[in-house]
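Here the structure is laid out as structure tokens; the discussion comes afterwards.
There are 2 protein chains.
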Amino acid sequence: MTVLILTGEEDVTADMVVVHLNASGVPVIRLDPADLTASAALSGEFVHGAFRGHLSSGGRLVSMSGLRSVWVRRPGTPAARAPQPSAWLTEESAQSLYGLLRGCGARWMNDPDAAGRARHKPWQLRHAQHSGLPVPATLITTFPRAARAFAERFPDLVVKPVSGAHPQEPPRAVPTSRVAPGTDFDAVAYGPTLLQRRIAKRADVRLTVVGDTLLAARKATPADADPDHVDVRFAPSGTPWEPVEVPPRLAEAVRSYVTGAELAYGAFDFAEDADGTWWFLECNQSGQFGFVEVETGQPISLTIAQWLGRPGPREPDHADGRRVPVP
Amino acid sequence: MTVLILTGEEDVTADMVVVHLNASGVPVIRLDPADLTASAALSGEFVHGAFRGHLSSGGRLVSMSGLRSVWVRRPGTPAARAPQPSAWLTEESAQSLYGLLRGCGARWMNDPDAAGRARHKPWQLRHAQHSGLPVPATLITTFPRAARAFAERFPDLVVKPVSGAHPQEPPRAVPTSRVAPGTDFDAVAYGPTLLQRRIAKRADVRLTVVGDTLLAARKATPADADPDHVDVRFAPSGTPWEPVEVPPRLAEAVRSYVTGAELAYGAFDFAEDADGTWWFLECNQSGQFGFVEVETGQPISLTIAQWLGRPGPREPDHADGRRVPVP
Numbered sequence: 001m002t003v004l005i006l007t008g009e010e011d012v013t014a015d016m017v018v019v020h021l022n023a024s025g026v027p028v029i030r031l032d033p034a035d036l037t038a039s040a041a042l043s044g045e046f047v048h049g050a051f052r053g054h055l056s057s058g059g060r061l062v063s064m065s066g067l068r069s070v071w072v073r074r075p076g077t078p079a080a081r082a083p084q085p086s087a088w089l090t091e092e093s094a095q096s097l098y099g100l101l102r103g104c105g106a107r108w109m110n111d112p113d114a115a116g117r118a119r120h121k122p123w124q125l126r127h128a129q130h131s132g133l134p135v136p137a138t139l140i141t142t143f144p145r146a147a148r149a150f151a152e153r154f155p156d157l158v159v160k161p162v163s164g165a166h167p168q169e170p171p172r173a174v175p176t177s178r179v180a181p182g183t184d185f186d187a188v189a190y191g192p193t194l195l196q197r198r199i200a201k202r203a204d205v206r207l208t209v210v211g212d213t214l215l216a217a218r219k220a221t222p223a224d225a226d227p228d229h230v231d232v233r234f235a236p237s238g239t240p241w242e243p244v245e246v247p248p249r250l251a252e253a254v255r256s257y258v259t260g261a262e263l264a265y266g267a268f269d270f271a272e273d274a275d276g277t278w279w280f281l282e283c284n285q286s287g288q289f290g291f292v293e294v295e296t297g298q299p300i301s302l303t304i305a306q307w308l309g310r311p312g313p314r315e316p317d318h319a320d321g322r323r324v325p326v327p
Numbered sequence: 001m002t003v004l005i006l007t008g009e010e011d012v013t014a015d016m017v018v019v020h021l022n023a024s025g026v027p028v029i030r031l032d033p034a035d036l037t038a039s040a041a042l043s044g045e046f047v048h049g050a051f052r053g054h055l056s057s058g059g060r061l062v063s064m065s066g067l068r069s070v071w072v073r074r075p076g077t078p079a080a081r082a083p084q085p086s087a088w089l090t091e092e093s094a095q096s097l098y099g100l101l102r103g104c105g106a107r108w109m110n111d112p113d114a115a116g117r118a119r120h121k122p123w124q125l126r127h128a129q130h131s132g133l134p135v136p137a138t139l140i141t142t143f144p145r146a147a148r149a150f151a152e153r154f155p156d157l158v159v160k161p162v163s164g165a166h167p168q169e170p171p172r173a174v175p176t177s178r179v180a181p182g183t184d185f186d187a188v189a190y191g192p193t194l195l196q197r198r199i200a201k202r203a204d205v206r207l208t209v210v211g212d213t214l215l216a217a218r219k220a221t222p223a224d225a226d227p228d229h230v231d232v233r234f235a236p237s238g239t240p241w242e243p244v245e246v247p248p249r250l251a252e253a254v255r256s257y258v259t260g261a262e263l264a265y266g267a268f269d270f271a272e273d274a275d276g277t278w279w280f281l282e283c284n285q286s287g288q289f290g291f292v293e294v295e296t297g298q299p300i301s302l303t304i305a306q307w308l309g310r311p312g313p314r315e316p317d318h319a320d321g322r323r324v325p326v327p
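Quick note, the sequences are listed as chains A and B, same order.
Numbering-wise (full-length UniProt numbering), the first sequence opens with residue 1 and increments by one.
Numbering-wise (full-length UniProt numbering), the second sequence opens with residue 1 and increments by one.
So, in structure tokens, the structure goes:
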């Protein structure tokens with residue numbers, strides 16, 4: 001039973017996981033959808049009520065019924081490196097590859113449809129509320145008067161993009177920024193704007209969930225930190241990421257979140273306030289984890305390898321095309 | 001409780017449904033995502049564990065908690081008609097609109113994530129097999145030798161696109177065509193190819209599913225029809241669409257399909273062979289129904305209006321971000 005990893009050739013984070021899979025003798029096949037139809041190939045046959053599928057990549061051929069899990073890491077655009085790339089070929093290749101894999105019965109990290117839904121930040125905020133996670137007061141709006149009223153109730157605000165990243169090649173993250181007092185909100189009418197109560201934080205928390213394993217890391221905010229440096233990704237880094245225990249009630253809420261979201265992997269970002277409350281900022285279903293593992297020594301890549309490589313039964317309901325909550 | 005219809009201004013099929021909703025006094029709001037952020041606006045607030053959302057379109061303002069259902073008809077590209085359109089604005093607007101609506105608790109026709117999965121033809125074929133529908137022998141492949149072997153086993157084949165439609169503006173359908181004997185399959189290596197055993201058909205069947213209502217129409221193939229005219233959409237039309245009873249076993253399989261696919265609406269295409277067997281060709285989750293209603297007089301738009309307008313409880317699990325099979 002093989003693990004399929006959908007990612008590009010240069011992906012050191014995937015390499016970290018592959019090392020563990022190799023060490024435990026689990027067969028791995030790596031396929032970049034961009035290599036369809038050059039060095040990667042696919043085939044699926046539906047005859048007499050049965051299905052037989054095959055994938056080939058880097059000279060190796062595997063049966064789809066022999067896939068125990070699929071890790072959607074950093075797949076390229078399907079057929080992007082084909083001899084004659086086109087939007088049509090990309091669409092045909094995407095539908096073929098993901099359509100065949102959706103029906104093959106392997107466990108997904110993450111299921112593509114669940115992942116698509118989980119990327120929506122408004123849905124994340126609502127789902128976090130329902131899961132019992134503390135969510136900072138947030139407004140997403142194109143109404144200037146709604147923005148003004150919100151800023152009166154919550155004068156200390158940050159602004160951030162709704163979708164998270166600029167749709168560019170390579171994608172560029174937009175930092176979260178403080179909203180200056182007396183800001184004119186007229187321009188809100190020209191594009192949805194996400195305003196959120198700023199958490200006066202004493203630490204950033206990254207909680208990585210793999211199956212039912214929770215691994216949290218904490219990065220203390222230096223006492224002399226500039227309060228305008230809201231976004232940990234762009235702030236000067238004086239303190240390290242360190243492992244931290246997950247409070248039991250929060251762990252329960254996080255498990256409720258990933259079960260409801262049907263995710264096998266999620267990278268949660270929290271802001272810890274002066275009372276020690278962890279405020280939900282987002283859950284990135286494809287979030288990076290290499291930097292946390294390197295700084296904390298937490299066995300994230302090993303845990304992912306164990307989840308992917310676990311023999312266990314394939315999902316019967318998945319084979320049936322039905323979704324089931326990820327165990 | 002209002003029905004939200006996501007579609008463009010000119011959509012006579014939507015108009016047919018709106019007539020019925022108006023007649024029964026159900027409030028309707030029509031919104032084209034392309035009108036964000038010009039004549040359409042949105043707002044959603046997450047405060048103290050609760051959510052309040054609003055939409056405005058054509059000068060009307062509705063609360064999202066007052067939406068009983070959302071009909072995803074023919075929505076435009078978000079923010080396409082904004083004063084300064086951009087890929088970034090489209091992404092922000094799409095995430096905002098569909099993210100807020102995903103968490104608002106209304107019933108969907110169709111749920112966007114279920115719809116995304118249901119568009120994959122390979123997944124459709126596998127799901128149809130599992131649901132007990134007869135599926136013609138089909139191969140999707142980039143291996144020329146697999147295509148050759150398949151053509152030896154099934155000499156009478158048709159070829160059609162995997163993704164269904166050319167990714168163009170306006171989208172252009174590619175007709176299903178017969179494969180000539182002795183075809184050279186070398187070019188299969190350059191793009192996924194869908195080959196399917198040709199059903200020598202005596203009729204085309206269009207089965208429209210709305211909730212738990214099944215409405216089937218049949219178009220007899222004229223005795224003197226050219227067997228090269230495989231695709232009913234492009235064949236000369238000598239015979240009309242006429243209502244037809246759905247065989248009970250097939251009805252059961254179709255219900256299993258839509259329940260498993262979590263669809264509230266689906267347009268199934270079948271080919272009826274000389275034995276009367278209905279062979280599954282595809283299920284289009286956004287398929288047109290106007291032409292069938294006009295020719296057969298079947299109350300499809302009325303049934304859709306009834307589904308959308310039904311007071312019934314909102315989906316508790318949907319509000320929770322969880323999917324539930326469509327009743």
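Glycine is no exception: its CB is placed at the ideal position from the N, C-alpha and C atoms.
Practice prompt. Compute the distance between the beta-carbons of TRP307(A) and VAL210(A), then report whether it is under 8 Å.
Written response: yes
Worksheet item: Mind pulling the alpha helix (DSSP H) runs of 4 or more residues that sit fully within the stretch 240-276 of chain A?
Response: 248-261
Worksheet item: Among PRO299(B), GLN124(B), PRO175(B), which has the Cα closest to the Cα of THR213(B)?
Response: PRO299(B)
Worksheet item: When the Cβ atoms of the stretch 97-105 of chain A are set against those of the stretch 119-129 of chain A, are three or more pairs found closer than 8 Å?
Response: no
Practice prompt. Find out if the Cβ-Cβ distance for the pair LEU263(B), THR142(A) is shorter than 8 Å.
Written response: Against a cut-off of 8 Å, the Cβ pair of THR142(A) and LEU263(B) comes out as no contact.
Discussion item. So, does the stretch 249-259 of chain A touch the stretch 173-183 of chain A, judging by three or more C-beta pairs under 8 Å?
Written reply: no
Worksheet entry | Selected residue, minimal CA-CA separation from SER202(A), among ALA220(A), LEU194(A), LEU36(A), PRO33(A) | The question names Ser, but residue 202(A) is Arg in the sequence shown. Looking at the Cα atoms, ALA220(A) is the closest of the given residues.
Item to complete: Pick helix, strand or coil for HIS20(B), following the three-state DSSP scheme.
Response: Here HIS20(B) sits in helix by DSSP.
Item to complete: Express the C-alpha separation of THR208(B) and residue 334(B) in angstroms, rounding to a whole number.
Response: What the structure shows of chain B is the stretch from 1 to 327, and residue 334(B) is not part of that stretch, so it cannot be assessed.
Worksheet item: Mind pulling the chain A residues with CB within less than 9 Å of LEU89(B)?
Response: TYR190, GLY191, PRO192
Worksheet entry | residue 372(B) versus ARG81(A), LEU250(A), PRO112(A), ALA187(A), residue with shortest Cα-Cα distance | An answer regarding residue 372(B) cannot be provided, because it is not within the stretch 1 to 327 covered by chain B.
Worksheet entry | the stretch 32-60 of chain B: positions lying closer than 9 Å to chain A by Cβ | LEU36, THR37, ALA40, ALA41, LEU42, SER43, GLY44, GLU45, PHE46, VAL47, HIS48, GLY49, ALA50, PHE51, GLY53, HIS54, SER56
Item to complete: Determine which residues share a DSSP beta bridge with ASP224(B) and list them.
Response: ASP224(B) is not bridged to any residue.
Worksheet item: Using the C-alpha atoms, what's the distance from ASP204(B) back to SER57(A)?
Response: 40 Å
Discussion item. LEU36(A) and SER93(A) - do their beta-carbons sit closer together than 8 Å?
Written reply: yes
Worksheet entry | Assigned secondary structure, THR138(A) (DSSP; H/G/I helix, E/B strand, else coil) | strand
Worksheet item: Would you say TRP123(A) reaches chain B, if we count a Cβ-Cβ gap shorter than 8 Å as a contact?
Response: yes
Fill in: Burial state of ALA50(A) (16 or more Cβ within 10 Å)
exposed
Worksheet entry | C-beta atoms of SER163(A) and GLU91(B) nearer than 8 Å | yes
Discussion item. Using a Cβ-Cβ cutoff of less than 6 Å, which residues in the same chain neighbour PRO27(B) once the five nearest sequence positions on both sides are dropped?
Written reply: THR2
Worksheet item: Can you list, in chain order, the residues of its chain whose CB lies under 8 Å from that of PRO181(A), leaving out five sequence neighbours each side?
Response: PRO155
Fill in: Sub-8 Å separation of ARG73(A) and LEU6(A) beta-carbons
yes
Fill in: Distance CB(GLY137(A))-CB(VAL47(B)) smaller than 8 Å
Checking the sequence shown, residue 137(A) turns out to be Ala, not Gly. For ALA137(A) and VAL47(B), yes; Cβs fall inside 8 Å.
Item to complete: Identify the continuous beta strand (DSSP E) that holds VAL158(B) and give its terminal residues.
Response: Element bounds for VAL158(B): 157-160.
Worksheet item: Can a CB atom of chain B be found closer than 8 Å to the CB of PRO327(A)?
Response: Reliability fails at PRO327(A), whose pLDDT of 34 lies under 50, so the model's placement of it is uncertain and no value is given.
Worksheet entry | Among ALA200(A), MET109(A), GLY297(A), THR296(A), the one whose alpha carbon lies nearest that of ASN284(A) | MET109(A)
Worksheet item: From ASP32(B) to GLY66(B), what distance separates their C-alpha atoms?
Response: 19 Å
Practice prompt. May I ask you to list, following chain order, the residues of the stretch 91-114 of chain A that have a beta carbon less than 7 Å from some beta carbon of chain B?
Written response: GLU91, GLU92, SER93, GLN95, SER96, TYR98, GLY99, LEU100, ARG102, GLY103, ASP113
Worksheet entry | Residues of its chain near ARG148(A), where Cβ-Cβ distance is below 6 Å and the 5 sequence neighbours each way are ignored | PHE185
Discussion item. Which residue marks the beginning of the alpha helix (DSSP H) containing ILE300(B), and which one marks its end?
Written reply: 300-309
Item to complete: Hey, could you find the ends of the alpha helix (DSSP H) GLY125(B) is sitting in?
Response: Reading off the sequence shown, one finds Leu at residue 125(B), where the question assumed Gly. Where LEU125(B) is concerned, the enclosing alpha helix (DSSP H) stretches over 121-131.
Worksheet item: Whole beta strand (DSSP E) runs in the stretch 196-220 of chain B with 3 or more residues, listed along the chain?
Response: Segments of the beta strand (DSSP E) lying fully in the stretch 196-220 of chain B: 201-210, 213-220.
Worksheet item: Taking a cut of 7 Å between CB atoms, which residues from the stretch 126-147 of chain B lie near chain C?
Response: Annotation note: the requested chain C is absent from the structure, which comprises protein chains A and B.
Discussion item. Please confirm whether VAL179(B) has its beta-carbon closer than 8 Å to some beta-carbon of chain A.
Written reply: Answer no: the Cβ-Cβ gap between VAL179(B) and chain A never drops below 8 Å.
Discussion item. Based on DSSP bridge pairs, tell me the residues matched to ARG60(B).
Written reply: According to DSSP, residue pairing for ARG60(B) in a beta bridge involves SER57(B).
Item to complete: Can you tell me which of GLY276(B), LEU194(B), ARG249(B), VAL158(B) puts its alpha carbon nearest to the alpha carbon of PRO227(B)?
Response: Nearest of GLY276(B), LEU194(B), ARG249(B), VAL158(B) to PRO227(B), Cα basis: VAL158(B).
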